[in-house]
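Structure first, then comments.
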Amino acid sequence: MIVGRARPHRQGPRPGGVPGAALALGLLLAGCGPGGDGAPPPHPGAAASGTAPTGAAGAEPAGPPPLRDVPPPETVELLPFRASTSWRLGEAYAAGFTWLAELAGHDVVGVTVRSTGYRGPAGGGAAPPEGRGRTPAERGAGGPPPPWTADEVAGARRAADHVIAGGFEREGNGLLRITLWRCPRGEPRGCDRFVETTPERDPYATLARLMERAFGAAGGRVPGECRSSWERGVTRDPYAFLWLGRAALPYLAGGDAETAVRRALLIDPRMAEARLLWARVLRSRGEEARQDPLDALARADLLRAGFTAARREMASIHLDRGEGARALAVLSGLAGLRPDDPVLLRERAELALSLGRPDEAARALDEAPEAIQGTVPVGRLRARIAQELERPAEAERWLARVAAAAPDDAEARLDLGSLARRRGAPGEAEGWYWEALAVGAGPDARVGLMQLMADQGRYPEALALNREIAAQRPGEARWARWEAWLLLASGESDRAAAAYTALSRASPGDPEARLGRCRALLAAKEARAVDACREAARSPGADARAWVALGEALHAQGRSGEAREAATKAVALDPDLPDGYRLLERSLPEGSAEAKLAAARARTRGE
501 MIVGRARPHR QGPRPGGVPG AALALGLLLA GCGPGGDGAP PPHPGAAASG
551 TAPTGAAGAE PAGPPPLRDV PPPETVELLP FRASTSWRLG EAYAAGFTWL
601 AELAGHDVVG VTVRSTGYRG PAGGGAAPPE GRGRTPAERG AGGPPPPWTA
651 DEVAGARRAA DHVIAGGFER EGNGLLRITL WRCPRGEPRG CDRFVETTPE
701 RDPYATLARL MERAFGAAGG RVPGECRSSW ERGVTRDPYA FLWLGRAALP
751 YLAGGDAETA VRRALLIDPR MAEARLLWAR VLRSRGEEAR QDPLDALARA
801 DLLRAGFTAA RREMASIHLD RGEGARALAV LSGLAGLRPD DPVLLRERAE
851 LALSLGRPDE AARALDEAPE AIQGTVPVGR LRARIAQELE RPAEAERWLA
901 RVAAAAPDDA EARLDLGSLA RRRGAPGEAE GWYWEALAVG AGPDARVGLM
951 QLMADQGRYP EALALNREIA AQRPGEARWA RWEAWLLLAS GESDRAAAAY
1001 TALSRASPGD PEARLGRCRA LLAAKEARAV DACREAARSP GADARAWVAL
1051 GEALHAQGRS GEAREAATKA VALDPDLPDG YRLLERSLPE GSAEAKLAAA
1101 RARTRGE
């Protein structure tokens, strides 16, 4: 979301501009604004397509090519491994496999992986409940039932595009049979089933092949350096892996993993996955940890080339410690190893932006492969970078290309409306706001429209929109402040005074509510305006505007000497406020040198 939106008038209640948080996906359109049949009016800039038109008299230079609207990464819900036999060591092995699969999710390009909390092995396999049918995996695959119930898989599929579930059983002769299911959401044909048998003492290459096939079926890709590290194996000592699983079990399920991970590292100090787990144990202990978790992560990174999860953990620790530059260096190094990973690219650029380094963010995007350069997510980042560099025209050009490539992008249209409003093009801004509403922007677009109408003096329309917003966002006091300010701006001073009085009672310490009540009573020409304005001026948090209002109320009653004192106080608090000098000029003898000086200062401050 573009930052630095236009603010309401200074004399207003300062309710804030359009919220700066990014719009959540799935916001529903709750109406299309006041009047008519709800259809948005035509927008003069809506036809921007990112390419320049060609005329009959002579072809103009072609503009930049349109951006490609790429879908977001597929989401994968990773269910923990379960042992489908009552093997005494099955739970530790299941936790170890789950831990490896969770770390593998960090390496995969093209999917977003999240893990369901560990719930232990099934203990013999759990077939679907009677009468509810069999899971898709069972229907087409044959063989023993999977260790996940139909209800569990169905619940995970509602939350993600794909589900990857793991299970295994001991076959004797030192062999394990490992199974992975990949179940896509909304796929009537059911799940893909990947099965291999592997020696119990060295299951890693087999597990790597299965995970690559499962993630590949979900739309992911495993970089070469990660594939080689998967196949290398965690440890040659099955006893060390057993202790790694015992260490991962309490970590995945919640609990103290310290003793078990210490034992695992004692048996095999070269387990990078155990080093990462140890770093997380140290991090959870906070200041009590005698060892810096960064040391353990650095060792893990040395033991396993391109260890994505370890480097992400490093960056997270640096950010927690306020070391943004170091976090950025870690992410930049990781992005250098995987230059075609769009997620890492965006993380690096967004971190540079958050650290106030837009030039570095732009360089990160410049280094991206051409296939990534012309995409909508990069276009959005380019627009944010241009905004940070105070290049609004460039930001608008990028956003127009984003809007042309993504017809349902409400955020880009909302930002275009805000930029057009700041540029002084209210008609164009209004068109973008209506377009944003039409594609589901919700209350944020109504806020922009309401502020735009207030700028233009269209107070009844702004009031109607404000009431719609208040109905959609109940409990937020700023809409009541806007209501009171719009009533005052539209000349309904009595209703404004009542609204500000209610605000003052609801928030006794709010200086803006007191100032608004003072101004409303002053506009209504009530004698009690002086007392209300004096209360506003002397309340904690009051600024020069309250003293100007008090001076205006005193001047209206012919109390020029007191008005002059209030004006003097106002200009002392804010020497750049022209209203203070104007009040001072009126309260001084006409034609006096002091009055002329105050008038000159008012003119210079008002320019």
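In the working numbering, the protein residues as written are 501 to 1107. A virtual CB, placed ideally from N, CA and C, is assigned to each residue, including glycine. This structure is a prediction, so every number in the text was calculated from the model and none was measured.
- Within the segment 892-934, no run of beta strand (DSSP E) at least 3 residues long lies entirely inside it.
- 914 is the residue among 920, 927, 914 whose C-alpha sits nearest the C-alpha of residue 937.
- Boundaries for residue 1039: no alpha helix (DSSP H) harbours it, and the DSSP string shows neither H nor E there.
- Taking C-beta atoms as the reference points, residue 753 and residue 593 fail to come closer than 8 Å.
- Under DSSP, the beta-bridge partners assigned to residue 681 are 665, 693.
- Taking C-beta atoms under 8 Å as the contact rule, residue 1047 and residue 1070 qualify, at a distance of about 4 Å.
- If you look at residue 575, you'll find it in the beta strand (DSSP E) that goes 574-583.
- The beta carbons of residue 664 and residue 595 sit about 16 Å from each other, so the pair does not count as a contact at 8 Å.
- Going by beta carbons, residue 815 and residue 827 fall inside the 8 Å limit.
- Within the same chain, 894, 895, 898 come within 7 Å of residue 886 by CB-CB distance, once the 5 residues on both sides are set aside.
- The beta carbon of residue 949 lies closer than 6 Å to those of 933, 965 in the same chain, with the five residues before and after it left out.
- Bridge partners of residue 699 according to DSSP: 675.
- With respect to the 8 Å criterion, residue 616 and residue 656 are classified as neighbours on the basis of their beta carbons.
- Residue range 876-888 is occupied by the alpha helix (DSSP H) that includes residue 878.
- With fewer than 16 neighbouring CB atoms inside 10 Å of its own CB, residue 1057 falls in the exposed class.
- Look at residue 1071 here: in three-state DSSP terms it is helix.
- Around the Cβ of residue 735, a 10 Å sphere holds 16 or more other Cβ atoms; the residue is buried.
- Taking C-beta separations shorter than 7 Å and ignoring five residues to either side along the sequence, the partners of residue 778 in its chain run 761, 765, 796, following chain order.
- Taking all protein chains shown into account, residue 739 has fewer than 16 neighbouring C-beta atoms within 10 Å of its C-beta and is therefore exposed.
- Beta-carbon to beta-carbon, residue 569 and residue 876 are separated by about 5 Å, close enough to satisfy the 8 Å threshold.
- In this structure, the CA atom of residue 1026 is about 19 Å from the CA atom of residue 1003.
- Look at residue 615 here: in three-state DSSP terms it is strand.
- Looking at the DSSP output, residue 670 bridges to 676.
- For residue 904, the number of other beta carbons within 10 angstroms of its own is at least 16, and it is reported as buried.
- Per DSSP, the unbroken alpha helix (DSSP H) holding residue 1104 starts and ends at 1093-1106.
- Distances from the CA of residue 890 to each of 858, 902, 843 were compared; the closest alpha carbon is that of 858.
- For residue 807, there is no enclosing alpha helix (DSSP H), as DSSP marks it with neither H nor E.
- One thing to note: residue 781 has its Cβ no nearer than 8 Å to the Cβ of residue 715.
- Where residue 832 is concerned, the enclosing alpha helix (DSSP H) starts and stops at 824-837.
- Residue 1048 sits in a helix when the DSSP states are folded into three classes.
- Residue 609 carries a strand assignment under DSSP once its states are collapsed to helix, strand and coil.
- Closest in C-alpha terms to residue 817, from the list 840, 832, 783, 836, comes 783.
- Of the candidates 786, 959, 853, 854, 959 places its Cα closest to the Cα of residue 990.
- Counting only the Cα atoms, residue 661 lies some 49 Å from residue 999.
- Taking C-beta atoms under 8 Å as the contact rule, residue 564 and residue 901 qualify, at a distance of about 7 Å.
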